[in-house]
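Asker: With my numbering, you'll find the sequence shown wraps up at 212, consecutive numbering, no jumps. For each residue, glycine too, the CB sits at the ideal point set by N, CA and C. Structure below; questions to follow.
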Amino acid sequence: MPRRAEAAPLLALALDRQAGAPLNRQLYDGVRAAILTGRLAPGAALPSSRALARDLGIARNTVLAAFDQLASEGYVEGRAGSGTVVSRVLPDTPSAAPGPAAAAGRGEGESAALSRRGRLLAAQPWRGHGGFAAAEPDCSAFPFELWARLLARPWRRPGRDLYAARHPGGHAPLRAAIAQYLRAARSVRCEAEQVIV
(Lines of atoms letter the chains of each structure in order from A; the text may use other names.)
(Lines give C-alpha, C1' and ligand atoms only; values in the text may rest on other atoms or scores of the structure.)
Protein backbone atom coordinates (compact mmCIF):
# COMPACT_ATOMS: atom_id res chain seq x y z
CA MET A 16 0.00 0.00 0.00
CA PRO A 17 1.48 3.39 -0.93
CA ARG A 18 2.62 5.52 1.97
CA ARG A 19 0.89 8.88 2.41
CA ALA A 20 2.87 11.59 0.68
CA GLU A 21 4.36 14.26 2.79
CA ALA A 22 2.53 17.50 2.20
CA ALA A 23 5.85 19.32 1.63
CA PRO A 24 5.91 19.14 -2.19
CA LEU A 25 2.28 20.22 -2.28
CA LEU A 26 2.70 22.85 0.43
CA ALA A 27 5.34 24.54 -1.73
CA LEU A 28 2.36 25.73 -3.76
CA ALA A 29 1.76 29.43 -3.62
CA LEU A 30 -2.01 29.73 -3.41
CA ASP A 31 -2.86 33.37 -3.91
CA ARG A 32 -6.28 34.40 -2.60
CA GLN A 33 -6.00 37.72 -4.47
CA ALA A 34 -5.31 36.07 -7.85
CA GLY A 35 -7.98 35.94 -10.52
CA ALA A 36 -7.90 32.13 -10.62
CA PRO A 37 -9.99 30.25 -8.04
CA LEU A 38 -8.12 28.37 -5.32
CA ASN A 39 -9.23 24.95 -6.58
CA ARG A 40 -7.79 25.80 -10.03
CA GLN A 41 -4.51 26.96 -8.46
CA LEU A 42 -4.31 23.73 -6.44
CA TYR A 43 -5.16 21.66 -9.53
CA ASP A 44 -2.44 23.42 -11.56
CA GLY A 45 0.13 22.94 -8.79
CA VAL A 46 -0.57 19.24 -8.22
CA ARG A 47 -0.69 18.58 -11.97
CA ALA A 48 2.67 20.35 -12.42
CA ALA A 49 4.15 18.31 -9.55
CA ILE A 50 2.96 15.11 -11.26
CA LEU A 51 4.22 16.11 -14.71
CA THR A 52 7.64 17.22 -13.42
CA GLY A 53 8.06 14.02 -11.39
CA ARG A 54 7.98 15.63 -7.92
CA LEU A 55 5.01 13.31 -7.33
CA ALA A 56 5.91 9.90 -8.75
CA PRO A 57 3.37 7.50 -10.25
CA GLY A 58 1.74 5.50 -7.46
CA ALA A 59 2.58 8.11 -4.81
CA ALA A 60 -0.20 8.63 -2.30
CA LEU A 61 -1.47 12.17 -1.94
CA PRO A 62 -2.28 13.65 1.45
CA SER A 63 -5.88 13.23 2.53
CA SER A 64 -8.21 16.03 1.50
CA ARG A 65 -8.74 16.99 5.15
CA ALA A 66 -5.03 17.14 5.96
CA LEU A 67 -4.19 19.07 2.80
CA ALA A 68 -7.03 21.53 3.38
CA ARG A 69 -5.86 22.06 6.95
CA ASP A 70 -2.20 22.51 5.95
CA LEU A 71 -3.05 24.95 3.14
CA GLY A 72 -5.67 26.80 5.16
CA ILE A 73 -8.42 26.27 2.59
CA ALA A 74 -11.80 24.56 2.60
CA ARG A 75 -11.91 20.80 2.11
CA ASN A 76 -14.40 21.23 -0.76
CA THR A 77 -11.74 23.27 -2.57
CA VAL A 78 -9.31 20.35 -2.29
CA LEU A 79 -12.01 17.87 -3.33
CA ALA A 80 -12.85 19.96 -6.42
CA ALA A 81 -9.18 19.97 -7.47
CA PHE A 82 -8.82 16.22 -6.81
CA ASP A 83 -12.03 15.50 -8.76
CA GLN A 84 -10.71 17.45 -11.76
CA LEU A 85 -7.37 15.63 -11.59
CA ALA A 86 -9.19 12.27 -11.37
CA SER A 87 -11.47 13.09 -14.30
CA GLU A 88 -8.41 13.83 -16.44
CA GLY A 89 -6.60 10.65 -15.34
CA TYR A 90 -3.79 12.16 -13.27
CA VAL A 91 -4.91 10.66 -9.96
CA GLU A 92 -7.19 7.83 -8.92
CA GLY A 93 -9.06 7.10 -5.74
CA ARG A 94 -8.55 3.69 -4.19
CA ALA A 95 -10.73 2.26 -1.46
CA GLY A 96 -8.77 2.21 1.77
CA SER A 97 -5.74 3.88 0.18
CA GLY A 98 -7.04 7.35 -0.55
CA THR A 99 -5.95 9.26 -3.63
CA VAL A 100 -2.80 8.21 -5.48
CA VAL A 101 -1.00 9.43 -8.59
CA SER A 102 -1.99 7.30 -11.59
CA ARG A 103 0.61 4.80 -12.70
CA VAL A 104 -0.25 5.55 -16.34
CA LEU A 105 -0.57 9.26 -16.98
CA PRO A 106 -2.81 10.58 -19.75
CA ASP A 107 -1.34 11.79 -23.02
CA THR A 108 -0.09 15.30 -22.51
CA PRO A 109 1.21 17.84 -24.99
CA SER A 110 4.92 18.57 -24.85
CA ALA A 111 4.29 21.90 -23.14
CA ALA A 112 1.70 21.58 -20.42
CA PRO A 113 -0.85 24.31 -21.13
CA GLY A 114 -1.63 26.58 -18.28
CA PRO A 115 -2.56 30.20 -17.74
CA ALA A 116 0.95 31.33 -18.70
CA ALA A 117 0.99 29.22 -21.86
CA ALA A 118 -2.47 30.45 -22.83
CA ALA A 119 -1.39 34.06 -22.29
CA GLY A 120 1.67 33.53 -24.50
CA ARG A 121 -0.33 32.28 -27.48
CA GLY A 122 -0.97 34.73 -30.26
CA GLU A 123 -4.30 35.54 -31.87
CA GLY A 124 -5.69 32.50 -33.69
CA GLU A 125 -3.18 30.03 -32.23
CA SER A 126 -4.60 26.99 -30.46
CA ALA A 127 -3.23 24.77 -27.73
CA ALA A 128 -1.26 21.69 -28.75
CA LEU A 129 -3.32 18.50 -28.89
CA SER A 130 -2.33 15.18 -27.39
CA ARG A 131 -1.70 12.20 -29.67
CA ARG A 132 -5.24 10.92 -29.03
CA GLY A 133 -6.67 14.39 -29.68
CA ARG A 134 -4.88 14.58 -33.02
CA LEU A 135 -6.25 11.14 -34.00
CA LEU A 136 -9.79 12.15 -33.06
CA ALA A 137 -9.50 15.48 -34.87
CA ALA A 138 -8.32 13.73 -38.05
CA GLN A 139 -11.39 11.47 -38.22
CA PRO A 140 -14.29 12.72 -40.33
CA TRP A 141 -17.57 13.47 -38.56
CA ARG A 142 -19.90 10.49 -38.90
CA GLY A 143 -23.00 12.19 -37.58
CA HIS A 144 -23.79 10.07 -34.55
CA GLY A 145 -27.44 10.92 -34.02
CA GLY A 146 -29.57 10.30 -30.98
CA PHE A 147 -27.19 11.47 -28.29
CA ALA A 148 -28.22 15.13 -28.19
CA ALA A 149 -30.95 16.22 -25.81
CA ALA A 150 -34.44 16.10 -27.36
CA GLU A 151 -33.04 14.80 -30.65
CA PRO A 152 -34.10 11.25 -31.60
CA ASP A 153 -32.03 8.80 -33.63
CA CYS A 154 -33.89 8.75 -36.96
CA SER A 155 -31.64 6.23 -38.72
CA ALA A 156 -34.08 3.32 -38.10
CA PHE A 157 -37.30 5.25 -38.75
CA PRO A 158 -39.45 3.67 -41.54
CA PHE A 159 -39.81 6.82 -43.68
CA GLU A 160 -41.21 4.99 -46.74
CA LEU A 161 -43.93 3.26 -44.71
CA TRP A 162 -44.71 6.53 -42.95
CA ALA A 163 -45.09 8.35 -46.28
CA ARG A 164 -47.46 5.64 -47.59
CA LEU A 165 -49.59 5.80 -44.44
CA LEU A 166 -49.74 9.60 -44.60
CA ALA A 167 -50.80 9.51 -48.26
CA ARG A 168 -53.55 6.89 -47.78
CA PRO A 169 -56.30 9.28 -46.53
CA TRP A 170 -55.77 11.56 -49.53
CA ARG A 171 -56.18 8.75 -52.08
CA ARG A 172 -59.65 7.79 -50.80
CA PRO A 173 -60.77 10.50 -48.41
CA GLY A 174 -63.68 9.54 -46.19
CA ARG A 175 -66.63 11.83 -45.62
CA ASP A 176 -65.45 12.67 -42.10
CA LEU A 177 -62.18 14.09 -43.46
CA TYR A 178 -63.85 17.19 -44.87
CA ALA A 179 -67.08 17.25 -42.85
CA ALA A 180 -67.84 20.16 -40.56
CA ARG A 181 -66.60 19.57 -37.03
CA HIS A 182 -67.90 20.72 -33.67
CA PRO A 183 -65.97 23.84 -32.61
CA GLY A 184 -65.51 22.40 -29.09
CA GLY A 185 -63.53 19.41 -30.35
CA HIS A 186 -64.07 15.68 -30.85
CA ALA A 187 -67.22 14.67 -28.90
CA PRO A 188 -66.00 11.26 -27.58
CA LEU A 189 -62.78 12.88 -26.34
CA ARG A 190 -64.70 15.66 -24.60
CA ALA A 191 -66.95 13.04 -22.93
CA ALA A 192 -63.90 11.05 -21.74
CA ILE A 193 -62.27 14.19 -20.32
CA ALA A 194 -65.47 15.13 -18.50
CA GLN A 195 -65.72 11.61 -17.04
CA TYR A 196 -62.08 11.77 -15.90
CA LEU A 197 -62.61 15.16 -14.27
CA ARG A 198 -65.63 13.81 -12.38
CA ALA A 199 -63.83 10.67 -11.18
CA ALA A 200 -60.30 11.90 -10.50
CA ARG A 201 -60.76 15.59 -9.71
CA SER A 202 -64.30 15.70 -8.28
CA VAL A 203 -65.27 18.35 -10.82
CA ARG A 204 -68.92 18.37 -11.81
CA CYS A 205 -69.01 18.99 -15.54
CA GLU A 206 -70.54 17.70 -18.75
CA ALA A 207 -68.95 17.06 -22.14
CA GLU A 208 -70.54 20.25 -23.46
CA GLN A 209 -68.50 22.27 -20.95
CA VAL A 210 -65.16 20.82 -22.14
CA ILE A 211 -63.30 22.44 -25.03
CA VAL A 212 -60.43 20.62 -26.69
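Can you check the stretch 172 to 209 for any alpha helix (DSSP H) of at least 4 residues that lies completely inside it and give the ranges in chain order?
Answerer: For the stretch 172 to 209, whole alpha helix (DSSP H) runs of length 4 or above, ordered along the chain, are 175 to 178, 187 to 201.
Asker: Between residue 159 and the rest of its own chain, which residues show a CB-CB distance below 6 Å, the 5 nearest in sequence each way excluded?
Answerer: As a working mapping, residue 159 is identified with position 144 in the sequence shown. No residues qualify anywhere along the chain.
Asker: What separation, rounded to the nearest whole angstrom, lies between the Cα atoms of residue 90 and residue 84?
Answerer: Here the question's residue 90 lines up with position 75 in the sequence shown. Here the question's residue 84 lines up with position 69 in the sequence shown. Cα to Cα, residue 90 sits roughly 9 Å from residue 84.
Asker: How big is the Cα-Cα spacing for residue 34 and residue 40?
Answerer: Locating residue 34 in the sequence shown gives position 19, counting from the first residue. Locating residue 40 in the sequence shown gives position 25, counting from the first residue. When rounded, the distance between both Cα atoms is 11 Å.
Asker: Could you check which residue in 37, 164, 181, 187 has the C-alpha nearest to that of residue 80?
Answerer: The residue you call residue 80 lines up with position 65 of the sequence shown. With distances taken between Cα atoms, residue 80 lies closest to 37.
Asker: Assign residue 32 to one of three DSSP states: helix, strand, or coil.
Answerer: Position 17 of the sequence shown, counted from the first residue, corresponds to residue 32. Of the three classes helix, strand and coil, the one that applies to residue 32 here is coil, per DSSP.
Asker: Which one of 192, 152, 103, 76 has the shortest CA to CA distance from residue 51?
Answerer: Walking along the sequence shown from the start, residue 51 turns up at place 36. Cα-wise, what sits closest to residue 51 is 103.
Asker: In angstroms, rounded to a whole number, what distance separates the CA positions of residue 140 and residue 48?
Answerer: The count along the sequence shown starts at 1 and reaches residue 140 at position 125. The count along the sequence shown starts at 1 and reaches residue 48 at position 33. Residue 140 and residue 48: Cα-Cα distance of roughly 34 Å.
Asker: Using a Cβ-Cβ cutoff of less than 7 Å, which residues in the same chain neighbour residue 74 once the five nearest sequence positions on both sides are dropped?
Answerer: As a first step, residue 74 must be located in the sequence shown, where it is residue number 59. Correct list, in chain order: 68.
Asker: In three-state DSSP terms, what is residue 46?
Answerer: In the sequence shown, the residue the question calls residue 46 occupies position 31. Residue state, collapsed to three classes: helix.
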